[in-house]
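Residue numbers (the numbering used here), protein chains in the order written: chain A, 1 to 203; chain B, 1001 to 1203.
Number of protein chains: 2
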Amino acid sequence: MDVRPPKAGNEPAPHLDEPRSSGALVYDGRLLKIYRDEAIAPDGVQCVREFTLHPGAAAIVPLFEDGSLLLERQWRYPLNRSFLEFPAGKLDPGETPLQTAQRELREETGYRANRWAELGPMHPVISYSTEVIHIFLATDLSLGETARDEGEVIDLVRMSVADFFVLVESGQVSDAKTLAAAFWLARIRSGDYRPQWTLSESV
Amino acid sequence: MDVRPPKAGNEPAPHLDEPRSSGALVYDGRLLKIYRDEAIAPDGVQCVREFTLHPGAAAIVPLFEDGSLLLERQWRYPLNRSFLEFPAGKLDPGETPLQTAQRELREETGYRANRWAELGPMHPVISYSTEVIHIFLATDLSLGETARDEGEVIDLVRMSVADFFVLVESGQVSDAKTLAAAFWLARIRSGDYRPQWTLSESV
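Pasting the structure below:
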């Protein structure tokens, strides 16, 4: 069974397509669902493509009135260290990315935001995952209660955008979704990008 | 066996550590090496951590004298579509990230660069992979021969930085390493970041 997203009608490079020949689910774990497919590369070569099926995720850039940002520090087991990153989480079944963003912001940080802008999609690992992360900017923040999952232990860190850029440029912030958000923050700061505050709290 | 990177001496949040209890290699594929570990979260909860072991990678931002960029369009099987992205590739055994960057730029695009600057590290998927991508800026480019792998079919696309930003801001460029590079390009363009051209062709 082909579990990948359906092909888009506006694909700009159909001549690069790698048609699927066959394949199977080879590891059905808690988080990881690994598929191993055989496909035909555009040069006619038979190739093996391994990937994990992912439900998608949403990430939030919480921006306070004073211009400061809210980040999280969390242990990231595969890399055996903690990372400074923007809040994020996987889409639950039936959720829109905006609903996920609003739920995760509440659950992980305790904050609600009244004004939301979509920044853009980000594909963290196009070579071996179907994951897409929808990135949102959130402001007009008010503090309530957190509701973290078991095993989810998080330090909250508030800092200025200038300090955040220093951490990125010195390699101390290196998480992909957080760097993608840093692009939009840099463009907003230089006056080249205006967020569209068209979304609001939906839950 | 713990296959993760060793713990760093300068870890800023040792209280968030998730000590490993046990684990095993559960899928040994061509690209993906999936480990399933049990660990203890900081709140004492036993948890399962699944991840793939990755050798690391290097990505290159090729910048021409006229200020234009070189990107690639490639089919990305898991997402069933093509992506516009900067050249990149996995580290071969014994290679430094700079050597990988210089080899991949030659093999995939045919270009050599005489001046190199390291931009920074990027961790594409801190929740389920050990992968790190080292991002380099490369200039003083001269064209030679490509040497692509079998099954590696690539369209080369040259564009201005302004056009590249339009594609990112409209969601048409969404690959993580390419967005991370876009952060540095935005900061260079706004005059806030100066690349350190300290590296040269080493091979």
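Even for Gly, the Cβ is constructed at its ideal location relative to N, Cα and C.
Contact with chain B by serine 22(A), beta-carbon distance below 7 Å: no
Chain A residues whose Cβ lies nearer than 7 Å to that of threonine 1130(B): Pro78 and Leu79
Chain B contacts from the region 101-114 of chain A (Cβ-Cβ distance under 8 Å): none
Limits of the alpha helix (DSSP H) - the one that lysine 177(A) falls within: 176-189
Backbone CA spacing between serine 129(A) and valine 1173(B) [nearest angstrom]: 17 Å
Residue span of the beta strand (DSSP E) that contains proline 121(A), given as start and end: 111-122
Distance between beta carbons of glycine 1029(B) and leucine 41(A), contact taken as under 8 Å: Checking the sequence shown, residue 41(A) turns out to be alanine, not leucine. In fact, because the Cβ distance is near 18 Å, the residues do not count as touching under 8 Å.
Beta-carbon neighbours of arginine 1036(B), restricted to chain A and to distances below 9 Å: Tyr27, Gly29, Arg30 and Leu32
Chain-ordered neighbours of methionine 122(A) on chain B, where CB pairs are closer than 9 Å: Ser1174, Asp1175, Ala1176 and Leu1179
Beta-carbon neighbours of glutamate 150(A), restricted to chain B and to distances below 9 Å: Ala1041, Asp1043, Val1045 and Cys1047
Distance between glutamate 65(A) and leucine 137(A) (C-alpha atoms, nearest Å): 13 Å
Sheet register partners of isoleucine 207(A) (DSSP bridge): Coverage of chain A is limited to positions 1 through 203, which leaves residue 207(A) absent and any answer about it impossible.
Separation of glycine 1120(B) from leucine 63(A), as counted between CA atoms: 25 Å
Chain A contact for glycine 1144(B) (CB, 7 Å cutoff): no
Buried versus exposed, by CB contacts within 10 Å (16 or more), proline 1006(B): exposed
Distance between glycine 1023(B) and alanine 1176(B) (C-alpha atoms, nearest Å): 29 Å
Neighbour-count burial assignment, serine 1082(B), 16 or more Cβ in a 10 Å radius: buried
Three or more C-beta pairs below 8 Å linking the region 101-109 of chain A and the region 144-158 of chain A: yes
Which of helix, strand or coil DSSP assigns to alanine 13(A): coil
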